[in-house]
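Just so you know, the sequences run in chain order B and P.
For the first sequence, position 15 (counting from the first letter as 1) is numbered 15 according to the working numbering, and the numbering increases by one without interruption.
Position in the second sequence (from 1) plus 116 gives the number in the working numbering.
A quick write-up on the structure given underneath.
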Amino acid sequence: ETGVTQTPRHLVMGMTNKKSLKCEQHLGHNAMYWYKQSAKKPLELMFVYSLEERVENNSVPSRFSPECPNSSHLFLHLHTLQPEDSALYLCASSQESFRTSDYEQYFGPGTRLTVT
Amino acid sequence: ILNVEQSPQSLHVQEGDSTNFTCSFPSSNFYALHWYRWETAKSPEALFVMTLNGDEKKKGRISATLNTKEGYSYLYIKGSQPEDSATYLCAFLSAGNMLTFGGGTRLMVKP
């Protein structure tokens, strides 16, 4: 049983739609992450939120917009996506910021996104 | 862009075989090396976080070693079982950067 939940588990959206992915962690962690897993590519870190900072991968397009209202919740807002954005989107959390090396990450089950 | 390579990409072994695979990463600015196991239809699960050159960690039949000077880590599975079938991911953390994952090694253990 994971302490990180994600909704929805599956999402099909058109290129003109706006949708949001939700992640919640029940572990009391201070850092949360969004990852993208495309077919036949390594897991790619998109965004990090921790106590005092937000870090983003500069290669992530602006049609992805994260929001972290508190340390337990993380959203990924999606708008005008492209078919190549179809992927598995994973949320993770860790006890401290990713810049602290010793802390493993706990992953949610992911949202399988299909953009038509 | 940091280059994290895992080999082999996939591996088929018989139940009871011992196996190992490799994660290669840049040898400069090392901060930590993570190993995760990702079973189909489940979430990735942390196995080890390694920070010191020469580190060896063990969890049951799975163990890992770390060489930061030459930039590699080995993951060993002793006496593979069908339930070990999964994709094994390593991830490299360098100072001031974000976690960079390798492409994974997909292990299939035949009963």
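Even for Gly, the Cβ is constructed at its ideal location relative to N, Cα and C.
A quick note: this is a predicted structure, and the numbers were derived from the prediction, not measured.
CB contact check: residue i to chain B, cutoff 7 Å
| i | result |
| --- | --- |
| G218 of chain P | yes |
| V165 of chain P | yes |
| L215 of chain P | yes |
CB contact below 7 Å: residue i versus chain P
| i | result |
| --- | --- |
| L43 of chain B | yes |
| E104 of chain B | yes |
| Q6 of chain B | no |
Identity of the residue in the options nearest residue i by Cα
| i | options | result |
| --- | --- | --- |
| R54 of chain B | B:D85, B:L88, B:T16 and B:N70 | B:N70 |
| A202 of chain P | P:T167, P:V165, P:K173 and P:I178 | P:I178 |
| Q105 of chain B | P:A180, P:S159, P:Q130 and P:D171 | P:S159 |
| W151 of chain P | P:V225, P:V129, P:L215 and P:P198 | P:L215 |
| G14 of chain B | B:C23, B:S86 and B:C91 | B:S86 |
| H59 of chain B | B:L51, B:H73, B:K36 and B:S50 | For clarity, residue 59 of chain B is Ser in the given sequence; the question names His instead. Selected option, being the one with the closest Cα: B:K36. |
| E131 of chain P | P:D200, P:A157 and P:F217 | P:D200 |
| L182 of chain P | P:W154, P:I193, P:G170 and P:M224 | P:G170 |
Buried or exposed by the 16-neighbour rule on C-beta atoms within 10 Å, applied to residue i
| i | result |
| --- | --- |
| L27 of chain B | exposed |
| P42 of chain B | buried |
| K185 of chain P | exposed |
Contacts of residue i in chain P (Cβ-Cβ under 8 Å)
| i | result |
| --- | --- |
| N30 of chain B | Ordered by position in chain P, no residue passes the 8 Å Cβ test against N30 of chain B, which lies about 16 Å from the chain. |
| V12 of chain B | Residues of chain P passing the Cβ test: none, with the nearest at roughly 19 Å. |
| V115 of chain B | Residues of chain P passing the Cβ test: none, with the nearest at roughly 22 Å. |
Chain P contact residues for residue i, given Cβ-Cβ distances below 7 Å
| i | result |
| --- | --- |
| G108 of chain B | S159 |
| G58 of chain B | First, the amino acid is wrong: residue 58 of chain B is Asn here, not Gly. Simply none; closest approach about 10 Å. |
Contacts around residue i, its chain only, beta-carbon distance under 7 Å, and the 5 residues preceding and following it disregarded
| i | result |
| --- | --- |
| A99 of chain P | Nothing about residue 99 of chain P can be reported from this structure: the residues present for chain P run from 117 to 227 only. |
| K173 of chain P | F164, M166, S179 and A180 |
Contacts of residue i in chain B (Cβ-Cβ under 8 Å)
| i | result |
| --- | --- |
| A162 of chain P | E104, Q105 and Y106 |
| L127 of chain P | Residues of chain B passing the Cβ test: none, with the nearest at roughly 17 Å. |
Cβ-based neighbour list, residue i, same chain, cut-off 6 Å, excluding 5 preceding and 5 following
| i | result |
| --- | --- |
| F141 of chain P | V120, G187 and F208 |
| S126 of chain P | R222 |
| T7 of chain B | K22 |
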